[in-house]
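Participant: Take this structure first; my questions come after.
Protein chains in written order, with the UniProt record's numbering: chain X, 1 to 277; chain G, 1 to 339.
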């Protein structure tokens, strides 16, 4: 009885609040089982079809950006896994402009919860688990097929890389959402960085010319998500600008990018309220 | 901006001080528009709220009315921290809304009549669970409050139905419950009865009155429906052109305007000559070949039953309706008087 009373009066901490927010989304999607299963399969299929495109190229040329098919699959799987995780957590943030236009943003602003947490939990689409599952299977399978024999450091990187990559893509999604406070029709423009970043990340970085490689490393660190960690994991030499050791730069890049993104987001919300950027 | 609040040390935070204090409030919007034939877009400044000053004590119930575009919604956005004023000062429950938006959100409840804050695809009950978590209510607090709201707003019949399947009246009751779940000190209702039928309106008004009497909340209400103001508020503030055009008791307003209510009678048989009316009323027109008679009268001098009793002696009444002065009419009269 005392137990029950204390449960009833337990204060709600931020973690329990977040759990309640995300839990509600999971429940609501579980209520449409057939469409959920179809969405899940569709997402998984999409990743596989995209990979087949690379496979077709490779069957003609044998080596793509200095990588064999198995090695390309490591890059592809790792990038898909990272992108899928980020899309699950922050994919809905890019709909900021439609929230502004419909006025729904106002109903979110009058709640005592940070806006980003509300947006993140607003439409948590579990179908994105399809992309995550295929990415994970491809990543692990291709690593094993490529004869991955990890030392302790390699193993740490193998686990860290998808998480750092997810953080990089998450920051890109949030930045894309924040830009829409200025560019109300900027969703397409912003998508160029998120989905474009994903395209670059799933491709061996050596195939790009030096200017593009530099842009997608130092401005939008897409090559650091999967390509350079794969160079370390597979012990391959990197191209110009991307020596093998840059495979360890994913986490620092994620931290830098998130710092900039957080400032951009704050400025965006301020711009919306007219409090000055 | 120019005011730099030191929120935590402000003595007005908490139980003392007025509920709402708006001082010389102003808000401009910049609109970019392309003039005909012009090559470049030009920026034009529109002043939505212009030097608005308003004080509301704790526990008051205020009807905030005005025509479309008078600045009502902009004022509410500044009170809730959604918009920063261009100049002037806003204090709500002693707080500076934009700077302390999230703290303020725990103390105020807002219903936007045209926008839902419920979760569309979840059962109504789940929206309350999520909002309870957002407001960090303990399980006991949430249950006790929800029980009260379910009983008062009669929600029990559709608590387990997804919000998208609710009728407008059911949904609005849900919206009000959502806004009141965390027992806010200040309740802001923006067009709460828009689109509702009489029965739903009445139920909503009854509960809002009851809840206010129980908890001593401050009520701030915008509406197009004069009967909302009559039922819910003691004080009426009319905004016109972004500034306060009238501020006082509702009854005084009626009196000062000569209360133009209109009784429309359809008679059983045509009658060309005007009906004799008691003092305080006058015949405003005869239409449809003597079937329809319009009688204008002052609500301060006459009641409808008295008027009807005198009229039904003279002719058989087939049908009747009562036209209340529209907000737009009142605003027009107010502005005309000021000039």
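Just so you know, even glycine gets a beta-carbon here, dropped at the ideal spot from N, CA and C.
Being a predicted model, the structure only gives us computed values, none of them experimental.
Considering just the uninterrupted stretch of the alpha helix (DSSP H) at residue 287 of chain G, what are its terminal residues?
Facilitator: Taken as a continuous stretch (DSSP letters only), residue 287 of chain G belongs to no alpha helix (DSSP H), being part of the beta strand (DSSP E) at 281-287.
Participant: Between the beta-carbon of residue 109 of chain X and the beta-carbon of residue 101 of chain G, is there less than 9 Å?
Facilitator: yes
Participant: Does the ligand GTP have even one heavy atom less than 8 Å from the beta-carbon of residue 204 of chain G?
Facilitator: This structure lacks the ligand GTP, and indeed carries no ligand of any kind.
Participant: Less than 9 Å between CB atoms is the rule here; does residue 106 of chain X satisfy it with respect to chain G?
Facilitator: yes
Participant: Between residue 366 of chain G and residue 283 of chain G, what straight-line distance do the alpha-carbon atoms span, to the nearest angstrom?
Facilitator: Within the shown structure, residues of chain G are numbered from 1 to 339, placing residue 366 of chain G beyond reach of any answer.
Participant: Use the C-beta contact count for residue 278 of chain X: other C-beta atoms within 10 angstroms, 16 or more gives buried, fewer gives exposed.
Facilitator: No answer is possible for residue 278 of chain X: it lies beyond the span of chain X, which begins at 1 and ends at 277.
Participant: Does the Cβ of residue 71 of chain G have 16 or more other Cβ atoms within 10 Å, making it buried, or fewer, making it exposed?
Facilitator: buried
Participant: Just list the beta strand (DSSP E) runs in the region 290-324 of chain G, keeping only unbroken ones of 3 residues or longer that don't cross its boundaries, in chain order.
Facilitator: If we require 3 residues or more, the beta strand (DSSP E) runs fully inside the region 290-324 of chain G come out as 292-298, 317-323.
Participant: Taking only runs of the beta strand (DSSP E) that begin and end inside the region 197-246 of chain G, which ones reach a length of at least 3 residues, in chain order?
Facilitator: Taken in chain order, the unbroken stretches of beta strand (DSSP E) that lie wholly in the region 197-246 of chain G and span 3 residues or more are 218-222, 235-240.
Participant: Which term fits residue 280 of chain X, buried or exposed, when burial requires 16 or more other beta carbons within 10 angstroms of its beta carbon?
Facilitator: A query on residue 280 of chain X cannot be resolved here, the shown segment of chain X reaching from 1 to 277 and no further.
Participant: Closer than 7 Å by beta-carbon distance: list the chain X residues that pair up with residue 24 of chain G, in chain order.
Facilitator: Simply none; closest approach about 17 Å.
Participant: Does residue 135 of chain G come within less than 9 Å of chain X when only Cβ atoms are used?
Facilitator: Interface residue, yes.
Participant: To the nearest angstrom, how far is the alpha carbon of residue 182 of chain G from that of residue 290 of chain G?
Facilitator: 57 Å
Participant: Give me the chain X residues within the contact set of residue 80 of chain G, using Cβ-Cβ distance strictly less than 7 Å, ordered along the chain.
Facilitator: 110
Participant: Residue range of the alpha helix (DSSP H) that residue 194 of chain X falls in?
Facilitator: 187-201
Participant: Which residues bound the alpha helix (DSSP H) around residue 77 of chain X?
Facilitator: 69-90
Participant: Measure the C-alpha to C-alpha separation of residue 317 of chain G and residue 286 of chain G and round it to an integer number of angstroms.
Facilitator: 14 Å
Participant: Using 8 Å as the cut-off, can you tell me whether the region 178-196 of chain X makes contact with the region 124-134 of chain X, which would need three or more C-beta pairs spanning the two stretches below that distance?
Facilitator: no
Participant: Is there contact between the region 210-221 of chain X and the region 81-100 of chain X, where contact requires at least three CB pairs shorter than 8 Å?
Facilitator: no
Participant: Only counting the same chain, and skipping five residues up and downstream in sequence, which positions put a Cβ closer than 6 Å to that of residue 2 of chain X?
Facilitator: Annotation note: pLDDT 49 at residue 2 of chain X (below 50); position unreliable, coordinate value reported separately. The answer is none, since no qualifying residue turns up.
Participant: What does residue 115 of chain G reach in chain X if we use C-beta pairs closer than 9 Å?
Facilitator: 102, 103, 104, 106, 107
Participant: Within 10 angstroms of its Cβ, does residue 243 of chain X collect 16 or more other Cβ (buried), or is it exposed?
Facilitator: exposed
Participant: So, for residue 109 of chain G: in the same chain, excluding its five sequence neighbours on each side, which residues have a beta-carbon less than 6 Å away from its beta-carbon?
Facilitator: Short of 6 Å from the beta carbon of residue 109 of chain G, and not among the five residues preceding or following it, lie these beta carbons of its own chain, in chain order: 179, 180, 184, 187.
Participant: According to a CB-to-CB cut-off of less than 9 Å, which residues of the region 86-98 of chain G neighbour chain X?
Facilitator: 86, 98
Participant: Residues of the region 115-129 of chain G in Cβ contact with chain X at a cutoff of 8 Å, in chain order, please.
Facilitator: 115, 116, 117, 119, 121, 122, 126, 129
Participant: Straight-line CA distance for residue 238 of chain X to residue 129 of chain X?
Facilitator: 31 Å
Participant: With residue 278 of chain X and residue 54 of chain X assumed to form a contact (beta carbons below 8 Å), what rounded beta-carbon distance in angstroms separates them?
Facilitator: The requested residue 278 of chain X is not part of the displayed model; chain X covers only 1 to 277.
Participant: Within 9 Å (strictly less), CB to CB, does residue 150 of chain G reach chain X?
Facilitator: no
Participant: Which residues of chain B have a Cβ atom closer than 7 Å to the Cβ of residue 20 of chain X, listed in chain order?
Facilitator: Absent from the structure is chain B; the protein chains it does hold are X and G.
Participant: What separation, rounded to the nearest whole angstrom, lies between the Cα atoms of residue 92 of chain G and residue 115 of chain G?
Facilitator: 22 Å
Participant: Hey, out of G:52, G:26, G:197, whose CA is closest to residue 247 of chain G's CA?
Facilitator: G:52
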